[in-house]
Structure formats: C-alpha cells, structure tokens
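Undergrad: For what it's worth, my numbering labels the leading residue of the sequence shown as 27, then goes sequentially.
Okay, here's the structure, questions in a sec.
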Amino acid sequence: MLEDSQAEMTSTESASSGPLTLAVDIGGSGVKAMLLDSAGNPLSERDRLSTPEPATPESVIEAIHQLAMSKTFDRVSVGFPGVVRQGTTYTAANLDQGWIGFNLGKSLEESLGKPVRVLNDADMQGFGAIEGQGAELVITLGTGVGFAMFVNGILVPNLELGHHPFRKGQTYEEQLGRAALDDVGKKRWNERLQKAIDLLSRTLNYDRLYLGGGNAKRIEIKLPENVKIVPNVSGLLGGIALWKN
27 MLEDSQAEMT
37 STESASSGPL
47 TLAVDIGGSG
57 VKAMLLDSAG
67 NPLSERDRLS
77 TPEPATPESV
87 IEAIHQLAMS
97 KTFDRVSVGF
107 PGVVRQGTTY
117 TAANLDQGWI
127 GFNLGKSLEE
137 SLGKPVRVLN
147 DADMQGFGAI
157 EGQGAELVIT
167 LGTGVGFAMF
177 VNGILVPNLE
187 LGHHPFRKGQ
197 TYEEQLGRAA
207 LDDVGKKRWN
217 ERLQKAIDLL
227 SRTLNYDRLY
237 LGGGNAKRIE
247 IKLPENVKIV
257 PNVSGLLGGI
267 ALWKN
C-alpha cells in the first residue's frame with residue numbers, strides 16, 4: 027500500500043509543469059515540509075520533525091536537510107517565527123538566540139544548492155489563507171502567537187503583535203501561547219481568546235480574521251461570522267506566494 031502511494035506521488039510530481047517548491051515551516055515545537063507544484067498545490071504529505079533542542083540555526087538546518095533529502099525540488103520557501111528581512115532573521119523569541127542576525131536564506135542556498143526565500147511564518151501562513159480583498163488579519167496560535175495583516179492581498183510585513191501588551195500586564199503571546207494554554211487550561215484559554223478577538227476587532231477594524239496554527243484545534247468558543255479557522259497546512263501552502271513577484 028505504501029509502495030502504491032509512493033508510486034502515485036512520483037507520477038504526480040513528474041506530471042507537474044513548472045518549478046517545484048519545497049515549503050518549510052519552522053515552529054517552536056516542529057519543523058514541517060511539503061512539496062508544492064508551480065500552482066501551489068501539494069504534491070506530498072506534510073512531513074514533520076520535532077524542533078531540535080536547543081533550536082540553533084545549525085540544528086534546525088540539519089532538520090530541514092532531513093525533510094528535504096527524499097524530495098526533488100527547484101526552490102525553497104521558508105516560514106520563520108520572527109522578524110525576517112531579506113533572508114536574515116532578526117528575532118527568535120521561541121528559538122535559540124543564535125538566530126538573531128543570522129542569514130538563513132544564504133545559509134540554506136549554500137547547503138541545499140537551490141534558491142531560497144524566507145518570510146515570517148505568520149505572513150507565509152496568511153498567504154495560504156487570505157482571499158485578497160479588504161483588510162485581513164491572520165493569527166497563528168502555536169508555541170507562540172503570530173500575526174499577519176494584509177490589505178487587498180498586500181502584506182504588511184513583520185507585524186509581530188504577539189509581543190505587544192494585551193491584558194493584565196502581559197502580551198498576547200504570554201496570554202495565548204502554548205505555555206499559557208498548558209497553565210490555565212482550555213476553558214480559560216478560550217475565554218482569553220474571545221477577549222483578544224473582541225479587542226482586535228475594535229483596534230484593527232479588519233474585514234476578516236483567520237485563526238491558524240497548531241492550537242487552533244483547541245478553539246471552542248462561538249466565533250463571529252467574519253472569523254474563520256484555517257488548517258495548519260496553510261503555513262506551507264502559502265510558500266508559493268514568495269515566488270509570485
């Protein structure tokens with residue numbers, strides 16, 4: 027059965043025209059990868075490895091190599107949980123501090139031998155979720171809390187609202203990150219999320235809000251009509267957008 031599935035995947039890959047993209051999502055708890063065709067359709071399952079500890083640039087790049095070694099691709103898109111400018115990572119709240127000032131794009135290009143583009147992970151997930159009309163906000167709920175804002179499909183990069191004050195002297199990430207979920211439990215975490223949605227709707231006046239990330243499956247509150255839960259795989263599917271311009 028596995029051999030049949032692999033044969034089918036190989037057939038799909040060979041039938042795809044245009045460059046193949048390896049989309050990578052670096053998270054605080056997992057590093058994920060998926061192969062996309064030139065239109066952004068998945069050609070493989072989402073493969074995952076636990077984020078190494080400590081999550082240094084070297085150890086995470088090695089994890090990416092392990093995920094990439096069984097795949098054939100022409101280019102690489104990477105979502106990184108922090109501020110990214112021209113392939114260099116400037117913050118890394120949930121990873122090793124060795125990432126600060128690290129040129130991830132150049133390092134991966136040298137090691138993989140393929141062109142690489144890097145974007146904030148919430149921004150990349152947003153590209154996989156938005157409709158491209160009006161003001162759209164994306165929140166990723168995982169180890170940390172990521173934010174991305176789009177206006178008519180145009181990204182406002184590196185929003186990083188997760189580290190801004192939210193309530194009771196704490197940030198959105200301190201109140202809604204995985205550590206907070208484990209500490210206060212699902213019921214109180216959902217109550218906090220409801221408060222965050224109410225506040226952000228009045229502050230940013232978005233047209234639509236998309237909730238993604240690994241902890242989106244823990245959401246139990248009734249959501250407004252303009253709020254939608256999106257699958258975690260959006261963080262990889264958005265990788266094709268890095269090559270559109």
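Ideal Cβ placement from N, Cα and C applies to all residues, glycine included.
1) Taking the straight line between their C-alpha atoms, what separation do you get for Glu34 and Ile87?
2) Per DSSP, which residues does Ser260 bridge with? Please list them.
3) Along the chain, where does the alpha helix (DSSP H) containing Lys97 start, and where does it finish?
4) Return the CA-CA distance between Ile247 and Glu217, expressed in angstroms with no decimal places.
5) When the Cα atoms are used, what is the spatial distance from Gly239 to Asp51?
6) Leaving out five residues before and five after Gly108 in sequence, what residues of the same chain have Cβ atoms less than 6 angstroms from its Cβ?
7) Return the CA-CA distance between Gly195 and Leu219, expressed in angstroms with no decimal places.
8) Please tell me whether Asp100 and Leu185 are closer than 7 angstroms, where the distance is taken between their beta carbons.
9) Just reading off the beta strand (DSSP E) that Asn216 is part of, what are its end residues?
10) Using three-state DSSP, classify Gly124 as helix, strand or coil.
11) Taking only three categories from DSSP, how would you classify Ser55?
12) Use the C-beta contact count for Glu71: other C-beta atoms within 10 angstroms, 16 or more gives buried, fewer gives exposed.
13) Take the Cβ of Val144 as the centre, count every other Cβ of all protein chains shown within 10 Å, and call the residue buried at 16 or more, exposed below.
14) Going by DSSP, what residue range makes up the alpha helix (DSSP H) through Ser137?
15) Contact defined as beta carbons within less than 8 angstroms: I believe Arg204 pairs with Asn241. What is the distance between those atoms, to the nearest angstrom?
16) Exposed or buried, Gln159, counting other C-beta atoms within 10 Å across all chains shown (16 or more means buried)?
17) Check whether the region 148-164 touches the region 73-86, counting contact only when three or more Cβ pairs, one atom from each stretch, lie closer than 8 angstroms.
18) Can you tell me where the beta strand (DSSP E) with Ala161 in it begins and where it stops?
19) Taking a contact to mean a Cβ-Cβ separation below 7 angstroms, would you say Trp215 touches Leu226 in this structure?
20) Beta strand (DSSP E) containing Ala174: first to last residue?
21) Short check: CB of Thr169 to CB of Ala148, under 7 angstroms?
22) Ordered along the chain, which non-local residues of its own chain (more than five positions away) have a Cβ less than 6 angstroms from that of Arg244?
23) Tell me the residue span of the beta strand (DSSP E) that contains Leu181.
24) Between the beta-carbon of Val102 and the beta-carbon of Lys140, is there less than 7 angstroms?
25) With distances taken Cα to Cα, identify the nearest neighbour of Ser76 among Ser43, Gly53, Val164.
TA: This is what the structure gives:
1) Residue placement at Glu34 is flagged as unreliable, the pLDDT there being 38, under the threshold of 50; a coordinate-derived value is accordingly withheld.
2) Per the DSSP secondary-structure output, Ser260 pairs with nothing in a beta bridge.
3) In the DSSP assignment, Lys97 falls outside any alpha helix (DSSP H) and carries neither an H nor an E.
4) Rounded to whole angstroms, the gap between the alpha carbons of Ile247 and Glu217 is 8 angstroms.
5) Between Gly239 and Asp51, the alpha-carbon positions lie close to 11 angstroms from each other.
6) If you ignore the 5 residues before and after Gly108, its C-beta comes within less than 6 angstroms of the C-beta of Thr115, Thr117, Ala118, all in its own chain and listed in chain order.
7) Taking the straight line joining both Cα atoms gives about 16 angstroms.
8) Leu185 is positioned such that its CB atom lies no closer than 7 angstroms to that of Asp100.
9) Bounds of any beta strand (DSSP E) do not take in Asn216; it lies within the alpha helix (DSSP H) bounded by 212-230.
10) The answer is helix: DSSP assigns Gly124 an H, G or I state.
11) Three-state result, Ser55: coil.
12) Classification of Glu71: exposed, given that the 10 Å Cβ count is below 16.
13) Classification of Val144: buried, given that the 10 Å Cβ count is 16 or more.
14) Ser137 -> alpha helix (DSSP H) spans 130-138.
15) That belief holds up - the Cβ atoms of Arg204 and Asn241 are roughly 6 angstroms apart, short of 8 angstroms.
16) The residue in question, Gln159, is exposed, as its Cβ has fewer than 16 Cβ neighbours within 10 Å.
17) No: fewer than three Cβ pairs fall under 8 angstroms.
18) Start and end: 161-167.
19) Taking 7 angstroms as the Cβ cut-off, Trp215 and Leu226 do not qualify as a contacting pair.
20) Counting along the chain, the beta strand (DSSP E) containing Ala174 begins and ends at 171-177.
21) Contact check for Thr169 against Ala148 fails: the beta carbons are separated by 7 angstroms or more.
22) Scanning its chain for C-beta atoms nearer than 6 angstroms, with the 5 sequence neighbours on each side dropped, one finds around Arg244 the residues Lys212, in chain order.
23) Segment 180-182, the beta strand (DSSP E) holding Leu181.
24) The Cβ atoms of Val102 and Lys140 sit closer than 7 angstroms to each other.
25) Distances from the CA of Ser76 to each of Ser43, Gly53, Val164 were compared; the closest alpha carbon is that of Gly53.
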